[in-house]
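> I'd like to ask you about the structure that follows.
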Amino acid sequence: MSVLKPVILKIGGSVITDKKGELAARTQEMSRLVEEIRKASVQNLIIVHGGGSFGHPVAQKYAIKEGFKEENQKIGFAETHHVMTVLNGLFMDALIWNNVSAVSITPSSCVITKKGRIQRFEENPLIMLLRMGFLPVMYGDAVFDTDLGFTILSGDQLVSYIATRLNAERIIIGVDVDGLYDADPKGETNAKLFAHLTLKELKALQNRLGEPTACDVTGGMFGKIAELIPAIEQGISATIVNATKPNYIYKALKGEKVEGTLIEKE
Ligand code: IP8
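Residue 221 in the working numbering sits at position 220 of the sequence shown; the count goes up by one each step and never skips.
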């Protein structure tokens, strides 16, 4: 089944939740973002959101990413998946009550990983949604794994996989900082923002940056961006913008000039 090249928008968990809290949704931010998404009216858009203070604390508490080792992790797997459906539900509320025909696809039901990497993905519902002009929404989730029993699939791996698989037009990553820096801008005031990076430059930086924050089980900012490498290798560009700043996501979706980091193959 073919489909026009989609645009893939990742909304970081740090944008739609308060990562310092637990189960702390930012519903006003969701409504603002949805308004921007609606206004931009991009055809063939796919949204993927992260876990923030919903998925990460529970996943960490029960070591879900490391795989199934003890019976008592099962309730942790169930809870991680459940809180992600709750966060997704809040985001879907914002979309649907804003008259956007969005439909969510649950990764735990259509993705199987092998040692944490996507091995199988039932993509037909996603493609059918796109072909019919719906807006598909996916998210980082607790998923089943052939070797580990279960694990955590980050929204970023999903973005990169879908982008590569469907040969996306471009990727937009909305985060809570102005782009990709040479150091953590939240800790270091002198951190320098990269306006543009080639794949070669990104790879050179990869080893230097990005210790995960205390409550992010999927690798911190740089780990997340490193996930995009296969897509960028395929010639798909990625723009990282501050989604907490009004109209940045709108401008990025419209292809207008906006402060951030553009990563391209060359
Ligand atoms: O926030 C991870 O997704 P991410 C989701 O995109 C869970 O890394 C369940 C922790």
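Using N, Cα and C, we set each Cβ at its ideal position, and we do this for glycine too.
Just curious, the alpha helix (DSSP H) that G14 is in, first and last residue?
As a working mapping, residue 14 is identified with position 13 in the sequence shown. Under the DSSP assignment, G14 falls in the alpha helix (DSSP H) whose first and last residues are 14-17.
> For the segment 125-211, list the beta strand (DSSP E) runs that are entirely contained and at least 3 residues long, ordered along the chain.
136-140, 142-146, 150-154, 171-176, 197-199
> For a quick check, are the C-beta atoms of I65 and T81 less than 7 Å apart?
The count along the sequence shown starts at 1 and reaches residue 65 at position 64. The count along the sequence shown starts at 1 and reaches residue 81 at position 80. In contact: I65 and T81 (Cβ atoms closer than 7 Å).
> Closer than 6 Å: is that where the CB of M222 sits relative to any heavy atom of ligand 1?
Within the sequence shown, the letter at position 221 stands for residue 222. No.
> Sorry if obvious, but does the Cβ on A269 come closer than 6 Å to a heavy atom of ligand 1?
No answer is possible for residue 269: the residues shown for the chain start at 2 and end at 267.
> Check whether the Cβ atoms of Y251 and E37 lie closer than 7 Å to each other.
Translated into positions along the sequence shown, residue 251 becomes position 250. Translated into positions along the sequence shown, residue 37 becomes position 36. Yes, Cβ-Cβ distance for Y251 and E37 is below 7 Å.
> If the criterion is Cβ atoms closer than 7 Å, does the pair I172 and A239 meet it?
Numbered from its first residue, the sequence shown carries residue 172 at position 171. Numbered from its first residue, the sequence shown carries residue 239 at position 238. Contact: yes.
> May I have the straight-line CA-CA distance separating K204 from I237, to the nearest angstrom?
To locate residue 204, count along the sequence shown from 1; it is residue 203. To locate residue 237, count along the sequence shown from 1; it is residue 236. In this structure, the CA atom of K204 is about 16 Å from the CA atom of I237.
> Considering just the uninterrupted stretch of the beta strand (DSSP E) at L46, what are its terminal residues?
If you number the sequence shown from 1, residue 46 lands on position 45. 46-50 is the extent of the beta strand (DSSP E) around L46.
> Does any heavy atom of ligand 1 sit closer than 6 Å to the C-beta of K129?
Within the sequence shown, the letter at position 128 stands for residue 129. Note on residue identity: the sequence assigns Met, not Lys, to residue 129. Because no heavy atom of ligand 1 lies under 6 Å away, the Cβ of M129 does not count as near it: no.
> Could you tell me which residues DSSP pairs with A26 in its beta bridges?
In the sequence shown, counting from the first residue as 1, residue 26 sits at position 25. The partner list for A26 (beta bridge, DSSP) reads T18.
> For V43, tell me which candidate among A253, V259, I264 has the shortest Cα-Cα distance.
One-based indexing of the sequence shown puts residue 43 at position 42. When only C-alpha atoms are compared, the closest one is A253.
> Tell me whether the beta-carbon of F151 lies closer than 7 Å to the beta-carbon of F55.
As a first step, residue 151 is located in the sequence shown; it is residue number 150 there, counting from the start. As a first step, residue 55 is located in the sequence shown; it is residue number 54 there, counting from the start. In terms of Cβ geometry, F151 and F55 do not form a close pair [threshold 7 Å].
> For K89, does the count of other Cβ atoms within 10 angstroms reach 16, so buried, or fall short, so exposed?
One-based indexing of the sequence shown puts residue 89 at position 88. Reading off the sequence shown, one finds Asn at residue 89, where the question assumed Lys. When all chains shown are included, N89 counts as buried.
> For the beta strand (DSSP E) holding V242, just list the boundary residues, first then last.
Translated into the one-based positions of the sequence shown, residue 242 becomes position 241. Where V242 is concerned, the enclosing beta strand (DSSP E) stretches over 238-243.
> What residue does the alpha helix (DSSP H) around F122 start on, and which one ends it?
Looking up residue 122 in the sequence shown gives position 121. DSSP places F122 outside any alpha helix (DSSP H); the residue lies instead in the beta strand (DSSP E), whose first and last residues are 118-122.
> Let me know the beta strand (DSSP E) ranges lying completely inside the segment 61-105, each 3 residues or longer, listed in chain order.
103-105
> Quick test of your reading: D179 and N243, contact by CB under 8 Å. State the CB separation rounded to the nearest angstrom.
Indexing the sequence shown from 1 puts residue 179 at position 178. Indexing the sequence shown from 1 puts residue 243 at position 242. Contact holds; Cβ gap of about 5 Å.
> Using 7 Å as the threshold, is the C-beta distance between N45 and L10 below it?
The count along the sequence shown starts at 1 and reaches residue 45 at position 44. The count along the sequence shown starts at 1 and reaches residue 10 at position 9. For N45 and L10, no; Cβs fall outside 7 Å.
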